[in-house]
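Here's the structure we're looking at; comments come further down.
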Amino acid sequence: MTIARRIGYALLALLWLVVMLTPCLAMALAARGELSWQRGPHTADRVWLVMERNQRGLGYSAERIVSDQRPADGPVCARTSVRYFLWAGSAAGQNTEYCECYTADGGLTGNCP
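This note's numbering applies: residue 174 is where the sequence shown begins, and numbers increase by one.
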């Protein structure tokens, strides 16, 4: 069996896995209302259902570290991006980004520099 054929089989298996997991993730989102995962402090993702009176869709937020001065007893700054993907209503002007800095004990020091 050639390497190209093995790569092709691996890609097909990966595609099959994605196709099979999509309904599972949709069912989990419908049952729980949100899915979130955190890979570390100030590094998280969240997907939730938007079920407002005039809006329907999905919301997505991602928090990422943009400045880490903890080794020097300084603050850690994290930027959070919030995006909306709506199929009913409008998300115009609702997508946002903000940045906050935290001290080692978890207190806020204010906005990012």
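We treat Cβ as the ideally placed atom computed from N, Cα and C, and that holds for glycine.
Can you tell me whether residue 201 is buried or exposed? The criterion is at least 16 other CB atoms within 10 Å of its CB, across all chains shown. In the sequence shown, the residue the question calls residue 201 occupies position 28. Exposed: under 16 other Cβ atoms inside 10 Å.
Sorted by chain position, which residues of the same chain lie with C-beta nearer than 8 Å to residue 225's C-beta, five sequence neighbours on each side aside? Position 52 of the sequence shown holds residue 225. Contacts found: 262.
For residue 205, which option in 217, 221, 192, 211 has the closest C-alpha, if you only look at C-alpha atoms? The sequence position of residue 205 within the sequence shown is 32, counting from 1. Looking from the CA of residue 205, the closest CA among 217, 221, 192, 211 belongs to 221.
Closest by CA to residue 227, which one among 198, 207, 208, 259? Position 54 of the sequence shown, counted from the first residue, corresponds to residue 227. Ranked by Cα distance from residue 227, the first of 198, 207, 208, 259 is 259.
Where does residue 250 land, buried or exposed, given buried means 16+ other C-beta within 10 angstroms? Your numbering for residue 250 matches position 77 in the sequence shown. The residue is buried, with at least 16 neighbouring Cβ atoms inside 10 Å.
Going by C-alpha distance, which of 264, 182, 236 is nearest residue 272? Against the sequence shown, residue 272 aligns to sequence position 99. Nearest of 264, 182, 236 to residue 272, Cα basis: 236.
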